[in-house]
Structure formats: structure tokens, C-alpha cells
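2 protein chains.
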Amino acid sequence: MTARDSRHIPRDSAPQETGRRGQITIHDVARLSKVSVGTVSKALNNNGSLRTETRERVIAAAKELGFRPNDLAQSLHRGKTFTVGLISNDSFGRFAMPIMEGLEECLADSRTAVFMANATDDPAREAQHVGQLLGKRVDGIVVTARRADRRAKLTVPARGVPVIYVFSRTDDPDAYCLLPDDEGGALLAVEHLLKLGRRRIAHVTGPERFEAVRLRHNGYRKALATAGLAEGGGFLSGVWSEAWGRDAVAQLFQRGRAAPDAIFCGNDQIARGAADALRERGINVPSSVAIVGFDNWEIMADATRPPLTSVDMNLKDLGRRAGARLLEMIAGKPLKGVHRLPCTLVVRESCGADAGP
Amino acid sequence: MTARDSRHIPRDSAPQETGRRGQITIHDVARLSKVSVGTVSKALNNNGSLRTETRERVIAAAKELGFRPNDLAQSLHRGKTFTVGLISNDSFGRFAMPIMEGLEECLADSRTAVFMANATDDPAREAQHVGQLLGKRVDGIVVTARRADRRAKLTVPARGVPVIYVFSRTDDPDAYCLLPDDEGGALLAVEHLLKLGRRRIAHVTGPERFEAVRLRHNGYRKALATAGLAEGGGFLSGVWSEAWGRDAVAQLFQRGRAAPDAIFCGNDQIARGAADALRERGINVPSSVAIVGFDNWEIMADATRPPLTSVDMNLKDLGRRAGARLLEMIAGKPLKGVHRLPCTLVVRESCGADAGP
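First to last, the protein sequences are chains A and B.
When the letters of the first sequence are read in order and numbered with my numbering, they come out as residues 17 to 373.
When the letters of the second sequence are read in order and numbered with my numbering, they come out as residues 17 to 373.
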């Protein structure tokens, strides 16, 4: 349960009786506006040449009758369904949901609906979902995951249905992949720590088989190199958990080793574990050791003591951009390559910097 | 990022060329199997009387050509689209995703796809989504939320499209609502603590305006009353956060007050805050104080020290049941009323009970 209230849907908009049976048809609109069915079609689809007053009369009649053109019939006619499919492999929804939100926001303007299907890493189920989406004649498919690593190309047994990979990528050079700029995000984090005067910056992160781990490590090294610093703070690769964050602090602060004055963590769970372990050792965050996390997972970053400064991958923006690119691809524009969108740093209290206005 | 690997999709299944243009049609199947188009339709839809060898010849021809019947055209013909819409108001996905998973699992057997749209508590957007779903002629609509409280009835401007509320409810007596049994879940939790010998059991929970808070409180009181105990442990209502869990422990353990030997918490975040605060006061969990949470949010329950025993609302089962009921409603069965599914207790280490085999 979360603390926010759900708002209520107004009841005042009178339901119109346009159900499956006894439905208002284009013939009723034609009769009321005293034109042919063809003219109604032209007026409502905004094509063909019609006098303005005719078009307006038809639109008024359609409105009066509560006529809702049947999208299915329209889509057969036009060859477009104004539907895109989203295939997700993120059963927690933590990464997929903001991407979905951005995608919906972007596509709402072109009256395109998003059809989400959850494959949960099961190839058979993914193939089944693709089949269902093609059966619905989606105009395009978005593939997302809960990590930005390479996956096999999605097998789409149909021509002319563009696919876009978001927070997910494949080795196919013809694929279009949209990802967060992990290296740039790490640069932001470490530059922030350097600007605050930290010099012995450690990096505690997840498993090195993750591309994101390698890219964030690169960003960390580049920022230190630019500042003329060696990797004195220490690099520790483990798993994506709080327990690993606590263990890593035990390693970094063992006797006889020069302790770091900052820790850049590969995700917010590691950062939270590190903050807990430091507090339990009596080491103050941020005055003795500053911490930056990655993901800006709000529920985790806000609950950390002190609240966590963290890199945000802007997944909603990624979703929005994916929507815009997919519409271009549906319109016939060939797009390919791996594209990365910038991360931002969300400043809270764990580095001692002012959070700003 | 999470630690699990994404599996890969096999590349060996050869893509079939059944794209929008140059597509295999029913005419190609008729030509190859040397029957009429009507016969192909009968054979593939498994209706009408046909000789077995004719039916088999058509199916073999369709398979050979990789013919995929156009679901859109079929649905216009049959009046069913084998698509249901899911309207979610859970932008975190924590509650909606397991419900979606269960729903998909149940509906996959009847080849029905789930079309998810996220309204994020915006009534205008919700109305837009409903319009889009009706435009796609969905067979039914599932409404879910991130809390099980009352909401306004969903306005569906079409007859014959059943609506089911899951983890979400409305006051309309004709609505069908599926919810977890919050009171029963609380009974399970408190009975577990009683069985382990705890006698001064406190209840720390969220805001009382939530129906779930009131129901869980009822369950707590009933379990104590059955055991012949007063509410000696204390009842504290606050917000759904770790910080509140910590504050509540400060109140429960202030000087001059009889301390509880167990705390039943309204959610896992409160439970985690309570566990942290007890550890920091040097009070052992579970030997001095046992803790039970609610939600069984694994990422939170596993990270708590010690790992949290928690009530699971079985949201995936709720989704599965919703799918089965919706299919019945689509088939014409009138269903209504508020129905609650049992919760289960997931035992970890925070009560000192064995986790079992």
C-alpha cells in the first residue's frame, strides 16, 4: 500500500448507448446530416474535398448521435490500427512502468494506444505475445527489459512492423536501440563528489557481466583521470543488493587500509546498504563519507538515512523518445543504431551538497 | 538493476513472411488445398460440417504457407476480439504487475490477449483509455489500482462490455469486485505470533482512512479476543513508511510503558523501519520482539535484518481468478458482489519460527 489517494472519476458525463448491439452506425449519421455515407466518411476522416459547412454538419450530427467510428473496421480500411505493442520482461515493473508511461504520453497525441504484454523472460511466452500482437495488426513493437544488456533479436514473423528496443538491446546492426547513457551518468556522479572536495572515491557496484556495470566503471575512471586522480578509493564488484553494500563497507574500512571519503554505488540498494553499515560503524554520512547511488529509485532513496543523492536514468523520457521514434519508423523512416539519452543527478542529503531550491 | 539474467530467445524458428504487404491470404490456402474459400474458413474455424480429410488438407496447406488468419477481420466477423483491457492506476507497478501476470496466465489458454493501459489516477486519461479500449472492441475490462479502496464506478459508454474490479472496488452493488481478505490475513499474522508464545502484541499501521487498515485492525482484534487477550500491546496508526515504523518503536518503547513482545505491522515498509529501530536500541529481533509485515514485498522483506515474516495477498492468484470470472461474464454469466481471496503467511526469520522445509 502507498500513501497517496486515488482520485475519483467524475460521474457527470452521461454514458452513450453505442454498445455492440443497437449501435449507432455511419448510416444514422448520413441520414441525420442528409448526405451520403461516403460524404460522412470523408468528413469524419478529414480527407477528400468537402465544403466546410458540409463537414461541420456531419461532425455535429455524429456528435449528437454519439457516433463512435469502429476502430477495427477503420483499421482494416486504412491499414493502420493506431496500436503499438510493448513487450516487457520486467515482472517487478520498476523499469517497465515509467517507460510505459512516457510511451503512452507521447503516443496519446497521435491517438495511438499501447498494448502491453509481459513475457517474464520466457521465450515461448514472448513468441506467443508477438503472435498475438501481429494478430491485432499492431503498427509497431517496443521491446523493453529490466536491464540494458544485449538480448537476441526479437523474431517478428511479419514484414513492415518496426521494432524498437528500449532499455534493452540486441546485436543486430539494423536494430534501433534506445538506452540511458550509463557512462555519462557515472561521470555526473563522480564530478559532483570531486566538486565537493572528495578525493578518495571508491566505486562499489554489481556484477561485471552487466554492460551497465562496465560503462559506469568507465565513467568513474574518466572523471578521476580528468581530475588527475588514481583509483585510490577502491573498486569492488559484487551483486545488486543491500547486503553487498554492507559487506563492501566492511572491506573498505578494514584496519590498515586508507579509508575512502566517498562511495559511488552502482545502484540504490548497494548505496543504502553502505549508508546503513557506515552509520552502524559510527562513521557520519555525509561529513566523513559522501554517498551517491544509481537508479533514483525514490522509495529506496528517500528511505535511506540520510536520503540518497542518486543518478536518474530518466526512463520516462526514454519512453517518450521511443514513442516519437517509433511513429517515424511506422511512417516509413528507416532508423537504426544504438542511441543513448543523458542521465541526471538528483541531489538529496548523502553528499552534503544543498538540494537547491 | 536486478541481479537475475535475462534469458535469450532462440533464433532457430524461421520467420515467416506474412507481413502487411505481400501477405498470404485465405485465397492462397484455398488454391493450394483445392477447395473454396468458404471451406477454408469452415476448416480453420472448426465449424460447419466437413469431411475429416478435407479439414486436415486445409490445415496442412495453411501450415505450409504460414497462413495467419487476420484476427481483426475474424473479430469483426465473430463479434469477439479475444482481447481484454486492463486499466491500472499503479505507476509503480508493484501491485499491478503480479495481477497482470496472473491475468495473462489465465487468459492465455483461451488465446485472449491483455491490453494494459496506465491511467495514473488521471480521470481524463482514464476516460481516454476506456474510449481506446472500446474502439478496439475489447471483450471486457479489468480495473485495478494500487490500493483496495473504493473508487467511482468506471464509466463505460458501451453496452455488453463486462467490467471487473481487482484490488480495487466501487460502491455500485451490481459491480463484481475481487479483493484480498485483509482481515483474514491479519488473523493469520496474529495467530502465528500467539502460537509462538507472544502475549503483548502491538499493531503499527497506516492511515485509518484506508479500508485495508480498518480490516487488518479488525483481524488483529479478533485474534486477540479469541485468545482472551486485551489490546495490551498498543495500536498506532500513521503513514506507510519506514520512518513511521521507527517513530512508532520510539513511542512503544518509551520509559514507563510496558514494552510489547511482538509488533504486527500494516505493511513491510513499516515493519522494516521497526526492525531497524529495534536493532539500533539494542533490542533483539526476534528473541525479544517478533515482527510480522504485510504485502510480502520480497525486495523489502529479504533486505530487512532479520528477513521479514510477512502476509502475502497472493495478487497473482487474484489476477488468475479475475481472468476466469471475466471469461464467464463475457460468455454472458451475470456476476456481482465483493469477493475476497485468502492471504497466506510467508515465514522468514523475524518471528523466530522455523521457515520450514
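C-beta atoms are modelled at their ideal positions from N, C-alpha and C, and glycine is treated no differently.
Helix, strand or coil, according to DSSP, for residue i in the structure here?
i	result
Ala168/A	coil
Ile75/B	helix
Asp292/A	helix
Cys281/B	strand
Gly353/B	strand
Ala161/B	coil
Val362/A	strand
Arg185/A	strand
Asp328/B	strand
Glu66/B	Residue identity differs from the one stated: residue 66/B is Leu in this sequence, not Glu. If DSSP states are grouped into helix, strand and coil, Leu66/B belongs with coil.
Val146/A	helix
Cys367/A	coil
Ser57/A	helix
Ala340/A	helix
Val305/A	coil
Gly156/B	strand
Val179/B	strand
Gly38/B	With a pLDDT of only 43 at Gly38/B, under 50, the local geometry of the prediction cannot be trusted, and no value is derived from it.
What first and last residue would you give for the alpha helix (DSSP H) that runs through residue i?
i	result
Arg262/A	258 to 268
Thr242/A	227 to 242
Leu123/B	112 to 124
Val45/A	42 to 49
By a C-beta neighbour count over all protein chains shown, 10 Å radius and 16 as the cutoff for buried, is residue i buried or exposed?
i	result
Ala135/B	buried
Gln285/A	buried
Glu224/A	exposed
Asp263/A	buried
Ala317/B	buried
Gln267/B	exposed
Lys332/B	buried
Asp292/B	buried
Thr186/A	buried
Pro302/B	buried
Asp106/A	buried
His219/B	buried
Thr68/A	exposed
Arg273/A	exposed
Ser326/B	buried
Cys367/A	buried
Glu72/B	exposed
Lys4/A	A query on residue 4/A cannot be resolved here, the shown segment of chain A reaching from 17 to 373 and no further.
Ser91/A	With a pLDDT of only 48 at Ser91/A, under the threshold of 50, the placement of this residue in the model should not be trusted; the figure read from the coordinates follows. Burial call: buried.
Ala129/B	buried
Ala112/A	buried
Asn312/B	buried
Mind checking which residues open and close the beta strand (DSSP E) that includes residue i?
i	result
Met132/B	129 to 134
Cys193/A	192 to 196
Ala218/B	217 to 221
Asp318/A	Segment 314 to 319 is the alpha helix (DSSP H) holding Asp318/A; no beta strand (DSSP E) there.
Ile103/A	99 to 104
Ser253/A	251 to 253
Chain A contacts made by the segment 109 to 126 of chain B, where a contact means CB separation under 8 Å: Gly109, Arg110, Ala112, Met113, Pro114, Met116, Glu117, Glu120, Ala124
Can we say the segment 195 to 205 of chain B touches the segment 221 to 236 of chain B, given the rule of at least three CB pairs closer than 8 Å? yes
Note down, in chain order, all residues in the segment 217 to 238 of chain B with a beta-carbon under 9 Å from any beta-carbon belonging to chain A. Gly222, Pro223, Arg225, Phe226, Ala228, Val229
Below 8 Å, can you find three or more Cβ-Cβ pairs linking the segment 186 to 198 of chain B to the segment 238 to 252 of chain B? Touching, no.
Where the segment 249 to 271 of chain B meets chain A: residues whose CB sits under 8 Å from a CB there: For the segment 249 to 271 of chain B, residues whose beta-carbon sits nearer than 8 Å to a beta-carbon of chain A comprise Val255, Trp256, Ser257, Glu258, Ala259.
Can you pull out the residues from the segment 131 to 155 of chain B whose beta carbon lies closer than 8 Å to at least one beta carbon of chain A? Phe131, Met132, Ala133, Asn134, Thr136, Asp137, Asp138, Pro139, Arg141, Glu142, Ala143, Gln144, His145, Gly147, Gln148, Leu149, Leu150, Gly151, Lys152, Arg153
With 8 Å as the C-beta to C-beta threshold (strictly closer), list the residues of the segment 318 to 332 of chain A near chain B in chain order. The residues in question are Ala319.
With three or more beta-carbon pairs closer than 8 Å as the criterion, would you say the segment 337 to 354 of chain B touches the segment 131 to 150 of chain B? no
So does the segment 109 to 129 of chain B actually touch the segment 331 to 346 of chain B, counting three or more Cβ pairs closer than 8 Å? yes
For the segment 70 to 81 of chain B against the segment 38 to 57 of chain B, are there 3 or more C-beta pairs whose distance is under 8 Å? yes
So, do the segment 158 to 178 of chain A and the segment 244 to 261 of chain A have three or more beta carbon pairs nearer to each other than 8 Å? No, the segment 158 to 178 of chain A does not touch the segment 244 to 261 of chain A.
With a threshold of 8 Å, are at least 3 pairs of Cβ atoms found where one atom belongs to the segment 135 to 155 of chain B and the other to the segment 354 to 369 of chain B? no
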